[in-house]
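Asks:
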Amino acid sequence: MPVVVCDQLGKTYRVANKPPGLGGTLRHFVRRRYKDVEAVKDISFTIEPGEIVGFLGPNGAGKTTTLKMLTGLIHPSAGRCDVLGHTPFGRDRDFLRRITLVMGQKQQLIWDLPAMDSLRINAAVYDVPDRDAKARIDELAGLLDLDDELTRPVRKLSLGERMKCELVAALLHHPKVLFLDEPTLGLDVNAQTAVRRFLCEYNQKQGAAILLTSHYMADITALCDRVILIHQGALMYDGSLDGIIQRFAPFREVKVEFDSDVTESALRPYGEVESLDGRVARLLVRRDDLTQRIARLFNEQQVADLTVADPPIEDVIGKLFAEGAA
Amino acid sequence: MTSAVRKLRAMTGVYYALMVEYRAEIVLWAVSTSLPLIMMGVWVQAGASGDFKLDATQMARYFIAVFLIRQLSVVWVIHDFEWQVVSGRLSPLLLQPIDPAWRFVLMHVGEQLSRLPIVLVLTALCFSLYPAALWGDAQTPGWWTPSLWQVVLAVVGCYCAFVLRFLMQYSFAMGAFWFERVAASHNLIFLPYLFLSGIVIPLEELPPWAFDVVMWTPFPYMVWFPATILADGEAPYVKGFAVIAVWVIVLWIVNRLLWRAGLKHYSAMGA
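Line by line, the protein sequences are chains B and Z.
11 is the number of the first residue of the first sequence in the numbering used here; add one for each residue after it.
392 is the number of the first residue of the second sequence in the numbering used here; add one for each residue after it.
Below, the structure is given as structure tokens:
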């Protein structure tokens, strides 16, 4: 049975539209003009227990708005959502005890006090007994390589240390559904890896479902078998990572090293030239034409080495969003 | 330990720690609410003229009591709530299985606890400036020694004052869901609060008809009522606590209606 259900979910915001300049400012002061912005349109998907799903889209695609609706922070304008059998915006206590939302750019920790003080409040608020809370904090801190960071004022921590403390605070009550909005935003490579490893272990130990947004494809490829793509509020794709390449990248990338320098015009008959650096070229060749083109390449050119690969997933998704293709 | 007591203890302890983190700030906040001490200076002179219902010593005792009540009923929730809504920091609080109002209440309690030592020092300073307030004079002989029941009723009255002020300001704060910037709207009630609560004028000095009208508003119960209990023990107890109860119920209902409507309007901006 799915733990998250979105059924034709939609959200329309009414936003003030202020023209530029002094005249615009005065007109805006006297008479406000508003326009409706459809942030999310007819989104439908489900998530099963224990599943980790990547939620991808360019800035302003509607990812965060969807997460806000799924956590009950805002009311949908259309459609229905259901998380763990609850309507999120009903904000039932039982529902709130079983979910969490981590926002990379927002914090729940009290800025001027050590994270341990915020954890003390969270333990009391979620009715986690003191002994259990201590054991859980030790366990989570161990997984995230946290030590005395928990007892230093939050304002004195680095971004990575703070994010790790935020994760401890967000997971202290052992939620069953995690909504993670850019949890590795601004972290260095080591901290990103630590957070990914931690999320993976948490998912396996607790069997929790995770819906994760990130602009770092490494997060998605490391954690998610399934991704949901959203663009301009509408759902573009829901399926496996590999499936994106199959569906949206009808080309394969052929990397060729020649015996001597070649020109771009000489390579055009074999495929779209992505890059050319002296003897080394990257070509995009249609999948259905691949064998024939490579055979011709071997026959007509002096090939020293050749590899065929799928194009990087980042490139495929980036291209997809840039084109806005459905 | 029950769940509620544990939450109360944890939050009060942590918010007390938060408030004492910046020590100089506590002193500045305590001093900034010392208007009653300035008014004491003015009204003690006036009381000495014999043209008012209270004499100089009664005036001094009243304003010292006002100072104490004010210190323990300061409310700033509208500023905090507005910031939480505009910055999106309300969102993490909404995701927890406890009404955020409890956090705001216990922040105030933590702040009151942090103020206590400063309040005691400032009160001692008041008595040193006007010692007759402590041991009396020819017109008002005898030490100022409030009885136990006076103290108990004054403390209850003081926390009723805090609840009234909190509910009123928190209800105005709900406007942040619609208008974002609402702290200025609080000025609408600040002036009536200043003049009808007894901070500037002891309400006994109002014309009788005005006094009767004012006593049906919530403002006298925010300062004058508990201060009068503490200063001379003479106050309309039954009517006072009954009016407080009615206003608390009315404000609580208004607040909950605005809260529910506001949450539907909340856009969790910036988050």
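Just so you know, even glycine gets a beta-carbon here, dropped at the ideal spot from N, CA and C.
Which bits of chain Z does residue 81 of chain B rub up against, with CB to CB less than 8 Å?
Replies: Those are 486, listed as they occur along chain Z.
Asks: Under 8 Å, CB to CB, which of the residues in the region 404 to 418 of chain Z have a partner in chain B?
Replies: Going along the region 404 to 418 of chain Z in chain order, one finds 404, 405, 408, 409, 412, 413 with a Cβ nearer than 8 Å to chain B.
Asks: What residues from chain Z crowd round residue 118 of chain B, counting only those whose CB sits closer than 9 Å?
Replies: The contacting residues are 480, 482, 483, 484, 486, 487.
Asks: Mind pulling the alpha helix (DSSP H) runs of 4 or more residues that sit fully within the region 113 to 190 of chain B?
Replies: Qualifying alpha helix (DSSP H) stretches, in chain order: 125 to 135, 140 to 153, 169 to 181.
Asks: Name, in chain order, the residues that DSSP records as bridge partners for residue 267 of chain B.
Replies: The partner list for residue 267 of chain B (beta bridge, DSSP) reads B:290, B:315.
Asks: Does the contact criterion of 3 or more C-beta pairs under 8 Å hold for the region 155 to 166 of chain B versus the region 74 to 91 of chain B?
Replies: Output reads no: the region 74 to 91 of chain B does not touch the region 155 to 166 of chain B.
Asks: Would residue 397 of chain Z count as contacting chain B if we go by Cβ distances under 8 Å?
Replies: Taking Cβ atoms only, chain B reaches closer than 8 Å to residue 397 of chain Z, which makes this a yes.
Asks: Could you give the residue range of the beta strand (DSSP E) that holds residue 210 of chain B?
Replies: Residue 210 of chain B -> not in any beta strand (DSSP E); alpha helix (DSSP H) instead, spanning 199 to 216.
Asks: Give every residue of the same chain whose Cβ lies closer than 7 Å to the Cβ of residue 558 of chain Z, excluding the five residues on either side of it in the sequence, and list them in chain order.
Replies: Cβ within range, chain order: 639, 642, 643, 646.
Asks: For residue 635 of chain Z and residue 41 of chain B, I'd like the C-alpha separation in whole angstroms.
Replies: Approximately 42 Å, taken between the alpha carbons.
Asks: Kindly list, in the order they appear in chain Z, the residues whose Cβ is closer than 7 Å to that of residue 111 of chain B.
Replies: Near residue 111 of chain B (Cβ distances below 7 Å), the residues of chain Z are 486.
Asks: Using the Cβ count rule (16 or more neighbours within 10 Å means buried), how would you classify residue 419 of chain Z?
Replies: Burial call: exposed.
Asks: Shorter than 8 Å from the beta carbon of residue 659 of chain Z to some beta carbon of chain B?
Replies: Chain B, which has a Cβ nearer than 8 Å to the Cβ of residue 659 of chain Z, makes this yes.
Asks: Residues of chain B with a CB under 7 Å from the CB of residue 394 of chain Z: which are they?
Replies: Those are 137, listed as they occur along chain B.
Asks: When DSSP builds the beta bridges, which residues end up paired with residue 20 of chain B?
Replies: Paired residue(s): B:88.
Asks: Mind checking which residues open and close the alpha helix (DSSP H) that includes residue 33 of chain B?
Replies: Where residue 33 of chain B is concerned, the enclosing alpha helix (DSSP H) stretches over 31 to 40.
Asks: Between the region 170 to 180 of chain B and the region 203 to 219 of chain B, do at least 3 Cβ pairs fall closer than 8 Å?
Replies: Contact between the region 170 to 180 of chain B and the region 203 to 219 of chain B is present, because at least three Cβ pairs lie under 8 Å.
Asks: Against chain Z, with Cβ distances strictly below 8 Å, would residue 271 of chain B count as a contact?
Replies: Answer no: the Cβ-Cβ gap between residue 271 of chain B and chain Z never drops below 8 Å.
Asks: Under DSSP, the alpha helix (DSSP H) around residue 74 of chain B begins and ends at which residues?
Replies: Here the alpha helix (DSSP H) through residue 74 of chain B covers 73 to 80.
Asks: Given that a residue counts as buried once 16 or more other Cβ atoms are within 10 Å of its Cβ, and exposed if not, what is residue 24 of chain B?
Replies: Burial call: exposed.
Asks: Where do the ends of the beta strand (DSSP E) carrying residue 219 of chain B lie?
Replies: Looking at the DSSP string, the run of the beta strand (DSSP E) that includes residue 219 of chain B is 219 to 223.
Asks: Quick one, are the C-beta atoms of residue 123 of chain B and residue 408 of chain Z less than 8 Å apart?
Replies: Yes.
Asks: Under a Cβ-count criterion, where at least 16 other Cβ atoms within 10 Å of its own Cβ denotes burial, should residue 656 of chain Z be classed as buried or exposed?
Replies: Exposed: under 16 other Cβ atoms inside 10 Å.
Asks: Quick check on DSSP: helix, strand or coil for residue 237 of chain B?
Replies: Three-state DSSP puts residue 237 of chain B in a strand.
Asks: Going along chain Z in order, which residues have a C-beta closer than 7 Å to the C-beta of residue 23 of chain B?
Replies: Correct list: 658.
Asks: In terms of residue numbering, what span does the beta strand (DSSP E) encompassing residue 65 of chain B cover?
Replies: Unbroken beta strand (DSSP E) run through residue 65 of chain B: 62 to 66.
Asks: Can you tell me which of the three DSSP states residue 424 of chain Z falls into?
Replies: Of the three classes helix, strand and coil, the one that applies to residue 424 of chain Z here is coil, per DSSP.
Asks: What does the alpha-carbon distance come out to for the pair residue 155 of chain B and residue 219 of chain B?
Replies: Going by the C-alpha atoms only, they are around 23 Å apart.
Asks: What would DSSP say about residue 229 of chain B, mapped onto helix, strand or coil?
Replies: Of the three classes helix, strand and coil, the one that applies to residue 229 of chain B here is helix, per DSSP.
Asks: Quick one: is residue 132 of chain B buried, meaning 16 or more other Cβ sit within 10 Å of its Cβ, or exposed?
Replies: Buried: at least 16 other Cβ atoms inside 10 Å.
Asks: Can you check which of these residues, B:246, B:235, B:191, is closest to residue 331 of chain B by C-alpha distance?
Replies: Closest option to residue 331 of chain B, Cα to Cα, is B:246.
Asks: By Cβ distance, which residues of its chain are closer than 6 Å to residue 243 of chain B, with the 5 residues on each side in sequence left out?
Replies: So the qualifying residues of the chain are 48, 49, 50, 51, 72.
Asks: Assign residue 446 of chain Z to one of three DSSP states: helix, strand, or coil.
Replies: Coil.
Asks: By how many angstroms is the C-alpha of residue 569 of chain Z removed from the C-alpha of residue 421 of chain Z?
Replies: Going by the C-alpha atoms only, they are around 32 Å apart.
Asks: Give me whichever residues DSSP pairs with residue 282 of chain B in a beta bridge.
Replies: In the DSSP output, where bridge partners are listed per residue, residue 282 of chain B has B:294.
Asks: Taking C-beta pairs closer than 7 Å, name the residues in chain Z that residue 106 of chain B reaches, listed in chain order.
Replies: Under the 7 Å cutoff, chain Z gives 486, 487, 488.
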